[in-house]
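Residue numbers (the numbering used here): 209 to 406.
Structure follows, in structure tokens:
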């Protein structure tokens with residue numbers, strides 16, 4: 209399986225590429241989102257700010273929306289999950305809109321949320337073998353879906369309870385960083401690759 213990582217122009221994608229390759233897939237880093245759609249699956253990494261990433265994706269939004277609606281496997285990580293929604297308080301620009309809802313600033317005594325947290329996950333194949341997952345987070349913003357139908361996991365942080373993972377068709381999003389979440393994170397990536405190949 210060939211997986212394209214969409215490069216928004218910032219950050220180091222090396223650890224994510226290594227995690228995917230450890231799961232048995234080949235990777236390529238693609239700065240052109242339209243060309244990324246030629247791969248078997250795409251990943252929207254968790255690097256950067258919403259406004260800049262949305263600007264990078266803007267010319268390819270129609271193609272991205274059509275591909276995800278048609279069942280192209282996709283995993284959005286942290287910012288990548290937020291880009292699956294319609295818009296964000298963090299910055300201007302449109303998200304992909306594969307899921308209805310918006311992205312809002314996390315309310316809490318300590319923002320950004322940095323560190324390890326429990327993931328309260330439901331029965332989705334991406335969480336197979338991960339009944340009590342602890343994952344690494346680094347986020348100041350959270351997704352607020354219009355409906356809970358697409359929510360497959362939650363996280364509690366201080367006085368907030370927010371969406372940790374979503375799924376709509378063959379599009380998944382996780383607010384945490386699986387590539388930084390030790391063995392459970394690698395298992396989640398393997399699960400995604402298995403589901404993408406099915």
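Note that the Cβ used here is the ideal one computed from N, Cα and C, for glycine as well. In this text, all values refer to a predicted model and were calculated from it rather than measured experimentally.
* Between the stretch 392-404 and the stretch 331-347, do three or more beta carbon pairs fall short of 8 Å? -> They touch, by the three-pair rule.
* To do: Less than 8 Å between the CB atoms is what I'm expecting for residue 211 and residue 228, so what's the real figure, rounded?
  => To locate residue 211, count along the chain shown from 1; it is residue 3. To locate residue 228, count along the chain shown from 1; it is residue 20. About 5 Å separates the two Cβ atoms, so the contact holds.
* Pick helix, strand or coil for residue 369, following the three-state DSSP scheme. => Along the chain shown, read from residue 1 onward, the residue named residue 369 stands at position 161. Strand.
* Taking the runs of the alpha helix (DSSP H) that are 4 residues or longer, which of them lie wholly in the stretch 242-312? -> 258-265, 269-277, 287-290
* Pick helix, strand or coil for residue 336, following the three-state DSSP scheme. => Counted from its first residue, the chain shown places residue 336 at position 128. In the three-state reduction of the DSSP assignment, residue 336 falls in the coil class.
* Asked: Would you say residue 285 and residue 382 are within 8 Å of each other, going by their C-beta atoms?
  -> Locating residue 285 in the chain shown gives position 77, counting from the first residue. Locating residue 382 in the chain shown gives position 174, counting from the first residue. Contact: yes.
* Asked: With respect to the beta strand (DSSP E) encompassing residue 315, which residues constitute its N-terminal and C-terminal limits?
  -> Locating residue 315 in the chain shown gives position 107, counting from the first residue. Neither: residue 315 is in no beta strand (DSSP E) and is coded neither H nor E.
* Residue nearest to residue 349 in terms of C-alpha spacing, selected from 365, 358, 342 -> Walking along the chain shown from the start, residue 349 turns up at place 141. Looking at the Cα atoms, 365 is the closest of the given residues.
* **Which of helix, strand or coil DSSP assigns to residue 356** => Here the question's residue 356 lines up with position 148 in the chain shown. Looking at residue 356 - three-state DSSP - the assignment turns out to be helix.
* Which residue from 393, 377, 346, 259 puts its Cα closest to that of residue 276? -> Working through the chain shown from its first residue, we reach residue 276 at position 68. For residue 276, the closest of 393, 377, 346, 259 by C-alpha to C-alpha distance is 377.
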